[in-house]
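K.L.:
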Amino acid sequence: PVMFDCYDPDYNNLIKEVALKEQIPLHEGVYCAINGPVFFTKAELRMLMKLGADSIGMSTVPEVIMARHRGLKVAGIAVVSDIAIPDSGHHATEEEVIATAQKTGPLFQRLLVKSLEAMGNLVGSHA
25 PVMFDCYDPD YNNLIKEVAL KEQIPLHEGV YCAINGPVFF TKAELRMLMK LGADSIGMST
85 VPEVIMARHR GLKVAGIAVV SDIAIPDSGH HATEEEVIAT AQKTGPLFQR LLVKSLEAMG
145 NLVGSHA
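Numbering (my numbering), first residue to last: 25 to 151.
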């Protein structure tokens, strides 16, 4: 399928509305997928940042491609758990990434549940 518009604008707008209502911080950006399960190098990070990537990860994109192949509507949402700055001399460890994900889990869960409830209402109103 064409991936130019793979994320459904209605679903993404709904998530933004839920985040605003629930006072959950939300940022939009360009997500770039890399092969895992390895962290990227400084050179790869610099290159991807120059190309416009705001966040980089090892998941999401394969799932989006599969969902679009099945004709599903898709919304993109992620937790950034590793702030990587190429020349800072520090890269988050696997333990730091896991700790950040655990810390943000309850907030992310609330956003996800409220968004799914709102999506159910949206789908129900179009039935």
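Note that the Cβ used here is the ideal one computed from N, Cα and C, for glycine as well.
DSSP on Gly81, reduced to helix/strand/coil?
P.N.:
What you label residue 81 is simply residue 57 of the sequence shown in a count that begins at 1. Looking at Gly81 - three-state DSSP - the assignment turns out to be strand.
K.L.:
Anyone know if the C-beta pair for Ser139 and Ile39 falls short of 7 Å?
P.N.:
Along the sequence shown, read from residue 1 onward, the residue named residue 139 stands at position 115. Along the sequence shown, read from residue 1 onward, the residue named residue 39 stands at position 15. Contact flag set, yes.
K.L.:
How is the beta strand (DSSP E) around Ile55 delimited, first residue to last?
P.N.:
Position 31 of the sequence shown, counting from 1, holds the residue named residue 55. It is Tyr, not Ile, that sits at residue 55 in the sequence shown. Note, Tyr55: beta strand (DSSP E), Tyr55 to Ala57.
K.L.:
Which value, in whole angstroms, describes the spacing of the CA atoms of Ala91 and Val26?
P.N.:
Numbered from 1 along the sequence shown, position 67 holds the residue referred to as residue 91. Numbered from 1 along the sequence shown, position 2 holds the residue referred to as residue 26. Approximately 12 Å between the Cα atoms of the pair.
K.L.:
Since I believe Ala57 is in contact with Leu50 (beta carbons under 8 Å), could you give me their beta-carbon distance rounded to a whole number of angstroms?
P.N.:
In the sequence shown, the residue the question calls residue 50 occupies position 26. In the sequence shown, the residue the question calls residue 57 occupies position 33. At roughly 20 Å, the Cβ-Cβ gap does not stay under 8 Å, so Leu50 and Ala57 are not in contact.
K.L.:
On a Cα-Cα basis, can you pick out the residue from Val137, Val88 and Gly100 that is closest to Asp34?
P.N.:
Taking the sequence shown and counting its residues from 1, the one referred to as residue 34 is at position 10. Considering only alpha carbons, the answer is Gly100.
K.L.:
Quick test of your reading: Val121 and Asp106, contact by CB under 8 Å. State the CB separation rounded to the nearest angstrom.
P.N.:
If you number the sequence shown from 1, residue 121 lands on position 97. If you number the sequence shown from 1, residue 106 lands on position 82. 5 Å between Cβ atoms; contact.
K.L.:
With a Cβ-Cβ cutoff of 7 Å, do Asp32 and Val98 count as a contact?
P.N.:
Taking the sequence shown and counting its residues from 1, one reaches residue 32 at position 8. Taking the sequence shown and counting its residues from 1, one reaches residue 98 at position 74. Yes. Within cutoff.
K.L.:
Thinking just about the alpha-carbon of each residue, which of Leu72, Gly60, Glu46 and Asn59 is nearest to the one in Gly53?
P.N.:
Numbered from 1 along the sequence shown, position 29 holds the residue referred to as residue 53. Measuring from the Cα of Gly53, the nearest candidate turns out to be Leu72.
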